Amino acid sequence: MSPTKRILLRSGKSPYEAVPVEEALQRDVIATNSGNLIFSDATHKILETPRSEVVSNGIRTNVAAASRINEEYDAFVVPLANAFRPSFEPQLNRLTQLISRLRIPVVVVGVGAQTGLDYNPARLKPMEPSVRAFVSAVLDRSASIGVRGEFTEKYLKDMGFKDVEIIGCPSLFMYGKDLAVHKRTAQLTAGSRIAVNGSHNAVKSQGLDRVIRRTHARYPHLRYIGQNLSDAQQLYWRDLSDPNGRITAMPTHPDHPMYREDKARVYIDPITWIDDLRDFDYSFGSRIHGNIAALLAGTPATVLCGDSRTLELCRYFDIPHRTIDKVTADLDPADLYAEADFTALSGGHQKRFEQFTAFLDRNGLENTFTHGDGGKAFEERMRSLSFPAGIRPWNDADPASLISRFGWLHGRVEELSKDNAKLKKDLAKAKADAKGVTVPAPSPQASVYRRARRAVGGPIRRALQSGK
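Everything in the sequence shown is counted per our numbering, starting at 599 for the first residue and increasing by one.
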């Protein structure tokens, strides 16, 4: 039976799209943070049923596409994380413009407001008109809006919105009502495999750098898992052009000992990320989705909460956590592991899952666990595909490593050269056809070409300067 409902999903890419590392970094399919793909992939899987087709629209908002979306789709589903924050306001406004032009249902799952650990919304006051416009546009097209936790619920209800439901984040419902997390060893030892994660702010300003350094000395099998695009570019290209690239305390920086010892990774696809974490004994750090990836793998994890977005989600799901302001430099992950209790996380998961699916029902969306095969077809298709392994530090000086990277760069420059030649030809024809009429400025693509030439040239120069 062919699908009767077509769902457009806001996501960086379809989970079925296996993108080579070079292309993934160039396109930024992770939307600057690979954690985004965990909740978008989970949402895709959950909404895919025999009667529903899910299509990714990419992460960039094209307001001009509203008419086409109205014609081709039956619903627009928007998974979001900490969207109510000042730095996201321009993107939020564009989403509002698009949604305001849609005639189809629009369902937002897992949106959150971001402030400090004290839940004080004062910093969000200047963007309140933008938040109000966005939520109003969504609620005009849906029964309710799904938020991450207690702080965001109160934040919106204090504005006067009533149809607000706490549903957490769809990522933890990737496997439906089951979430089994058990300690595999009584205690951590020097031989334990531990994963650590952290935002640039946590490493630079909140003392996580000292924790990582001491943990690395105590546990030789420690691995750092980054999530930012800049982390990935540092590992793959040794590209330090991003301002975040100057933080030498990050294990993704080439000067860090964990980089030199091949103890850092960034994943482009959640499936490889989760699979790799199945072999670990424990995960900890300030990244909420870095630790959710571990929990989905059945690996115990503790979140070091640095703001409201991580704290409210941990409280809702009963994920073991500490606030990062209570973390000292001599923290031993063995202590976190010993105090972590996963009884409430696993025991309350089914009820939370039922609340989540009830939210989907109220908004006219079926889910694979109630209305489909429980995601079996999704998982089988994913296992039939070949996804790139986690990105490792570029410590290799062998010709194969150089050929792989520079071969792609050379091919990309050739593609851009052909595009530029065509633009020049089109421009010359336009001038000839104009017959004296003033010709418009060159296409923006020409400047894109020039920027791309500089971009691909930079990694080559840096690699050669570093002796690689």
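Just so it is clear, CB atoms sit at the ideal spot from N, CA and C, and this is done for glycine as well.
Small disclaimer: the values here were computed from a predicted structure and weren't measured.
The shortest CA-to-CA distance from Asn660 to any of Arg699, Pro648 and Ile845 is the one to Arg699. Close CB contacts of Ile823 within its chain, under the 6 angstroms cut and outside five residues either way in sequence, are with Ala793, Asn795, Arg863 and Gly888 (chain order). Using a Cβ distance threshold of 8 angstroms, Thr641 and Leu607 count as a contacting pair. With respect to Ile872, Phe985 sits apart: the two C-beta atoms are not nearer than 8 angstroms. Excluding its 5 nearest sequence neighbours in each direction, Leu820 has C-beta neighbours in its own chain below 7 angstroms: Ile792, Val794, Thr813, His814 and Lys861, listed in chain order.
At the C-beta level, Ile890 and Ile636 come within 8 angstroms of one another. The continuous beta strand (DSSP E) containing Phe674 extends over residues Ala673 to Pro677. Of Val709, Glu977, Ile697 and Phe951, the smallest CA-CA separation from Val736 is found for Ile697. The criterion of a C-beta distance shorter than 8 angstroms is satisfied by Phe771 and Phe954. Looking at the DSSP output, His887 sits in no beta bridge, so it has no partner there. Counting the other CB atoms within 10 Å of its CB gives Lys643 a total of 16 or more, which places it among the buried residues.
In this chain, Ile702 is not harboured by any alpha helix (DSSP H), its DSSP state being neither H nor E. Per DSSP, Tyr822 is one residue of the beta strand (DSSP E) stretching across Arg821 to Gly824.
Across the set Phe957, Ala681, Lys603 and Pro684, the C-alpha of Lys603 shows the shortest separation from the C-alpha of Phe674. With respect to the C-alpha of Pro613, the residue from Met980, Lys1029, Leu1000 and Pro818 having the closest C-alpha is Met980. Taking a C-beta distance under 8 angstroms as the contact criterion, Gly610 and Ser638 qualify as a contact pair.
Between Cys903 and Leu894, the CB-CB gap reaches or exceeds 8 angstroms. Asn842 counts as buried, since at least 16 other C-beta atoms from the protein chains shown sit within 10 angstroms of its C-beta. In chain order, Val706, Val709, Val733, Val736, Leu737, Leu754, Phe759, Asp761, Val762 and Glu763 place their CB closer than 8 angstroms to the CB of Ile743, counting only its own chain and leaving out the 5 sequence neighbours on each side. Cys903 sits in a strand when the DSSP states are folded into three classes.
With a 10 Å radius around the Cβ and a threshold of 16 neighbouring Cβ atoms, His947 comes out buried. By the neighbour-count criterion, in which a residue is buried when 16 or more other Cβ atoms sit within 10 angstroms of its Cβ, Ala711 is buried.
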